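Below is one structure, written out as structure tokens; comments come after it.
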Amino acid sequence: DPKIIQKPKYLVAVTGSEKILICEQYLGHNAMYWYRQSAKKPLEFMFSYSYQKLMDNQTASSRFQPQSSKKNHLDLQITALKPDDSATYFCASRVGGQDTQYFGPGTRLLVL
Amino acid sequence: GDKVKQSPSALSLQEGTNSALRCNFSIAATTVQWFLQNPRGSLINLFYLVPGTKENGRLKSAFDSKESYSTLHIRDAQLEDSGTYFCAAGEDNAGAKLTFGGGTRLTVRP
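Those protein sequences? They're chains A and B, same order as listed. The numbering used here applies: residue 1 is where the first sequence begins, and numbers increase by one. The numbering used here applies: residue 1001 is where the second sequence begins, and numbers increase by one.
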């Protein structure tokens, strides 16, 4: 059974619309993250949360807003979508401290 | 410049041969993770390293934080080893975010 679930797997959106990417982890981890992988850039860190609190934000745009309704959930709301937002978005989690980060399968977003 | 530089960017190996991938860090990496991104796009954990070495089957990895590099050795390459290998650095004061290299695209030929 997958331990980190990301939904949907694929997403097509029109420019200017809003979408929410879902992430749930069943590893019992306290820290969760979002990363983005696009054709133009390597995997890059976006946000980190620990015990549902924002720890770090490396995303320049306020159009990207993480939302943590439960300890094992970290969703990503993206507003006013642009074609440049097209990428695969990966959620990750970690138990805490110095330890391995585990990645979900990703959501592939295409903005037309 | 690149904070985590991977080399080579692409590599083609004959099945059964050996090779080494390298990451050089221009940040103060305290931990390293190595991943394989398979053709479906999934990131598979290979190693988590503090300074030192680890081995798992045909793979062996080393991390030298003083010299700021890490290596991944692949022995007896198999077709299923094909994919893109990423290293990612963790820093003590960076809130555990990972900084990724650009990847090495490996193709293993029969």
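Note that the Cβ used here is the ideal one computed from N, Cα and C, for glycine as well. This one's a predicted model, so the numbers in the text were calculated from it and none came from an experiment.
Just so you know, the alpha carbons of Val-1108 of chain B and Leu-112 of chain A end up roughly 35 Å apart.
Against chain B, the beta carbon of Thr-79 of chain A has no neighbour under 8 Å; the closest one sits roughly 23 Å away. The three-state secondary structure of Pro-1110 of chain B, taken from DSSP, is coil. Nearest to Ser-50 of chain A by C-alpha distance, out of A:Asn-72, A:Thr-59 and A:Ala-60, is A:Asn-72. Per DSSP, Leu-43 of chain A is not a residue of any beta strand (DSSP E), being assigned neither H nor E. Boundaries of the beta strand (DSSP E) around Asn-1045 of chain B: 1043-1049.
Taking the Cα positions, Gly-1016 of chain B is about 47 Å away from Ser-68 of chain A. Contact between the region 1024-1038 of chain B and the region 1077-1093 of chain B is present, with at least three C-beta pairs closer than 8 Å. No Cβ of chain B is located within less than 8 Å of the beta carbon of Gly-28 of chain A. In the displayed model, Pro-83 of chain A falls within a helix according to three-state DSSP.
Excluding sequence positions up to five before and after Ser-17 of chain A, its CB lies within less than 6 Å of the CB of Leu-81, all in the same chain and listed in chain order. Annotation: Phe-64 of chain A has no Cβ neighbours in chain B at a cutoff of 7 Å; minimum Cβ distance is about 15 Å.
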